[in-house]
Amino acid sequence: MASHSKESVRILVARYAEIFDGINNLVDVGGGTGSTIKIIVDSFPDLRCTVFDLPHVVDNSLNNDSISVIGGDMFDKIPPADAILLKTILHDWSDEACVQILKKCKEAIESTTNNGKVIVVDMVLDADIDNDTKETETKLIYNLSMMSLFGGKERTKKEWHGLILGAGYSDYKIYPARMPLYSVIELYP
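Letter by letter, the sequence shown follows residues 1 to 189 of the UniProt record's numbering.
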């Protein structure tokens with residue numbers, strides 16, 4: 001899992017570098033052991049980053065000048081930041097839980113700045129499921145896995161629209177896919 005994550009983050013920072021423009025600090029919600037943040041900090045050394053995950057998951061040895069580690073629960077409170085990163089987190093959860101998580105993210109960015117954003121890295125399913133490509137097939141397999149194992153799912157643009165507006169965001173942007181399977185969605189309060 002970590003090796004897949006590392007490769008997708010390398011692609012993220014190479015192909016979507018502009019999403020990090022103007023950000024001073026970033027919280028990686030559900031950041032686990034910090035493999036995502038390590039790659040981001042290597043690419044953007046002036047960016048202050050926080051790995052935020054359940055206390056028993058985070059690796060406190062990551063604490064240094066660029067990376068801090070905070071244990072907590074995203075359903076309670078997310079540390080304040082200019083930007084929040086949700087990389088392959090929301091597909092684990094039901095729509096109701098996603099709205100709760102997105103509301104907590106919105107509170108975190110609104111507490112620091114009016115120009116904050118949430119960066120979601122997740123799959124966006126084609127509305128046309130008759131699209132017979134290997135990528136579509138793979139996304140549908142992931143979707144079945146998420147539904148059967150976690151009660152989550154992969155979502156279409158229309159479903160993302162409903163979640164984002166349901167959580168109270170004023171605007172969002174779905175970037176055209178520039179990496180295998182995943183899309184980037186920016187949410188603005």
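All C-beta atoms in this analysis are idealised placements derived from N, C-alpha and C, irrespective of residue type, glycine included.
Excluding five sequence positions before and after Y172, the CB atoms of its chain that fall closer than 7 Å to its own CB belong to I164, I185, E186, L187, Y188, given in chain order.
Close CB contacts of N63 within its chain, under the 6 Å cut and outside five residues either way in sequence, are with V69 (chain order). Residue environment: L54 is assigned as exposed (fewer than 16 neighbouring CB atoms within 10 Å of its CB, all protein chains considered). Here K173 is bridged, per DSSP, to E186. Our two residues, V57 and D73, have alpha carbons roughly 11 Å apart in a direct line.
Counting only unbroken stretches of 3 or more residues, the beta strand (DSSP E) elements lying wholly within the stretch 22-46 are 25-29, in sequence order. At the C-beta level, K104 and K77 come within 8 Å of one another. Per the coordinates, the alpha-carbon of Q100 lies some 10 Å from the alpha-carbon of K106.
Between G166 and the set P180, L102, I119, the nearest pair of CA atoms involves L102. If one requires a minimum length of 3 residues, the beta strand (DSSP E) runs lying completely within the stretch 61-107 are 67-71, 83-87, in chain order. Closest option to W160, judged by alpha-carbon separation, among D122, E7, G22: D122. In the DSSP annotation of this structure, the continuous segment of the beta strand (DSSP E) that includes K117 starts and ends at 117-125.
Contact annotation: I37 and V13 have beta-carbon atoms that are not nearer than 8 Å. Take N24, set aside five residues on each side of it, and the residues of its chain with a beta-carbon closer than 6 Å to its own are D82, in chain order. Inter-residue distance for A17 and V27 is about 17 Å (C-alpha atoms, whole angstroms). When secondary structure is reduced to three states using DSSP, V51 falls in the strand class. Short of 7 Å from the beta carbon of R10, and not among the five residues preceding or following it, lie these beta carbons of its own chain, in chain order: I39. Per the DSSP secondary-structure output, R155 pairs in a beta bridge with V124.
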